[in-house]
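Take 4 as the starting number for the sequence shown in my numbering and just add one per residue.
For every residue, glycine included, the Cβ atom is placed at its ideal position computed from N, Cα and C.
Just so we're clear, the structure is a prediction, and the values are computed from it rather than from any experiment.
This report concerns only the one structure given below.
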Amino acid sequence: MARKRVKLALILNESTRSTCCRKRTKGLLKKVEELSTLCGLEMAVVANIPNHPHPDVWPSVPDAIRTVEKFKALPEIDQSRKKMNQEGFFRQRIEKLTEEANKLAKRNKEMYMETVLYQCLNGGSIDGLSGQELDHLSRMIDARVKQVEEAILVACDLKNKEKQPSVLEEEIIPGNINIVDGGVPAGGLPLELQILKEQTWFMEAMNDPDQLVPLSTTAMPPLKPFDGDGDDLIDGFTGDI
């Protein structure tokens, strides 16, 4: 169960105020000890409790005096850094709440103008709007139109990219590999991919002879019958073997 928020105001009942002071002082000293141990901070607490003969000091009187003297030895600007009293705390709290309230008011206004916009789209009238509200409505419509235009551009870009063929699907003519600087062929693909493409084309051509293109249209002469001496195979050859 969530703990009830405590109202930050002076407790009017003296007995209740004294009891609360003792409990919270004890809890404060415990938290300071935990923070000093866990984070290695040099800290000191001096609590002057009403109707008590001596103030409560943590960790001890000599250590607290040494910490206070070390603090007073700092420059004035360092002493006032992050220092806060009750008035400063409430001022900071008020500023934070004011900022949150302004954000909520702005959001409520935007939601109201969105409602007016939808009513206008459904045939509603804008006769009752002030000049400031009309200006806000106009800027909201312009922003929505810009968002729609940007969404259309993004969709068109994606559609164009889907239509463009990938680099691997481009046709590569076998036997026509031109190497440029950097070892990359003129076609734009690395040499290994072009060689692989040619090998694939060659194997497909071997399996399907119809894809082969003859090197010449001149008919080849008929072969002579082999008579066993091998002279006809080297007919016309000159030179030493």
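Query raised in the report: What residue does the alpha helix (DSSP H) around Val60 start on, and which one ends it?
Result: Note, Val60: premise wrong, no alpha helix (DSSP H); beta strand (DSSP E) at Asp59 to Trp61.
Query raised in the report: Within this structure, are the beta carbons of Leu161 and Ile144 separated by less than 9 angstroms?
Result: Contact flag unset, no.
Query - Cys123 to Ile129 span [Cα, whole Å] - result: 7 angstroms
Query raised in the report: Which of the three DSSP states, helix, strand or coil, is assigned to Ala50?
Result: strand
Query raised in the report: Given Lys7, which residues of its chain have a CB within under 8 angstroms of its CB, disregarding the five upstream and five downstream residues?
Result: Same-chain partners within the cutoff: there are none.
Query raised in the report: Assuming Thr40 and Asp59 make a contact with CB atoms under 8 angstroms, what is their CB distance in whole Å?
Result: Between Asp59 and Thr40 the Cβ distance is about 19 angstroms, and since that is not below 8 angstroms, they are no contact.
Report task. Using only alpha-carbon positions, find the residue among Glu102, Ser133, Ala104 and Leu140 that is nearest to Met114. Result -> Leu140
**Report entry** Alpha-carbon spacing of Lys164 relative to Gln95, whole angstroms
**Finding:** 54 angstroms
Query - C-beta contact flag for Ala76 and Val48 at 9 angstroms - result: no
Query raised in the report: Where do the ends of the alpha helix (DSSP H) carrying His55 lie?
Result: Looking at the DSSP string, His55 is not in any alpha helix (DSSP H), and its letter there is neither H nor E.
Requested in this report: Identify whether Ile129 lies in helix, strand or coil by the three-state DSSP scheme.
Outcome: Looking at Ile129 - three-state DSSP - the assignment turns out to be coil, as it is neither helix nor strand.
Query - Nearest residue (CA-CA) to Asn54, options Arg20, Asn111 and Lys112 - result: Arg20
Report task. Please work out which residues of its chain come closer than 8 angstroms, Cβ to Cβ, to Glu36, disregarding the five sequence neighbours upstream and downstream, and give them in chain order. Result -> Trp61 and Pro62
Report task. Take Ala12 as the anchor and find which of Leu31, Phe92 and Ile155 has the nearest alpha-carbon. Result -> Relative to Ala12, the option among Leu31, Phe92 and Ile155 whose CA is nearest is Phe92.
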